[in-house]
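Student: Okay, handing you the structure first.
Residue numbers (mature numbering (1 follows the signal peptide of the UniProt record, and there is no 0)): -23 to -1, 1 to 129.
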């Protein structure tokens, strides 16, 4: 029974230590959280991102609603800035993770195959389409100019 009580107290302390106790504490902890993400995002695993996403949700939803009425306009802008940074680093993390998982050698082979087999035809088609579009635009321009009546 004593063990359970100690465990419960420890859990309460951890929860209290993580929860901001004032608007200033909230802003400070949110800034610190985003700073930590900016330093460590490239090493995060999918599990790390899941854990960090839960923390971000606490900052951006749960704790924000606690202090929203106390926040000045500039403090709200700061929180918006921190949220943008979060999404930026989260996106970078996803891009880096995707790039890390790509087989670079296979990608190089696919590019080489494309260059050797399809690129010239695609460039020729692109040039032909550009010429056709240019001719259509020129003809439309001539017809538009011919349709303009000049008053004297």
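Glycine is no exception: its CB is placed at the ideal position from the N, C-alpha and C atoms.
At a cut of 8 Å, does the region 8 to 20 reach the region 59 to 78 through at least three beta carbon pairs?
Tutor: yes
Student: If we count the other Cβ atoms within 10 Å of its Cβ and call it buried at 16 or more, is residue 114 buried or exposed?
Tutor: exposed
Student: What residues in its chain sit with their C-beta under 6 Å from that of residue 15, if we drop five residues either side in the sequence?
Tutor: For residue 15, where only same-chain residues beyond five positions count, the Cβ hits under 6 Å are 66.
Student: Whole angstroms are fine: how far does the CA of residue 108 sit from the CA of residue 118?
Tutor: 15 Å
Student: Straight-line CA distance for residue -12 to residue 52?
Tutor: Only weak support exists for where residue -12 lies, its pLDDT of 45 falling under 50; the value from the coordinates is given anyway. Roughly 29 Å separates the two Cα atoms.
Student: I think residue 18 touches residue 69, with their Cβ atoms under 8 Å apart; what is that distance to the nearest whole Å?
Tutor: 6 Å
Student: Compare the C-alpha of residue 4 against each of 82, 31 and 36 and name the closest.
Tutor: 36
Student: What is the DSSP secondary structure of residue 21, reduced to helix, strand or coil?
Tutor: coil
Student: Determine the closest residue to residue 47 out of -2, 24, 58 and 30, with distance taken between C-alpha atoms.
Tutor: -2
Student: How far does the alpha helix (DSSP H) with residue 75 in it extend, from its first residue to its last?
Tutor: 50 to 78
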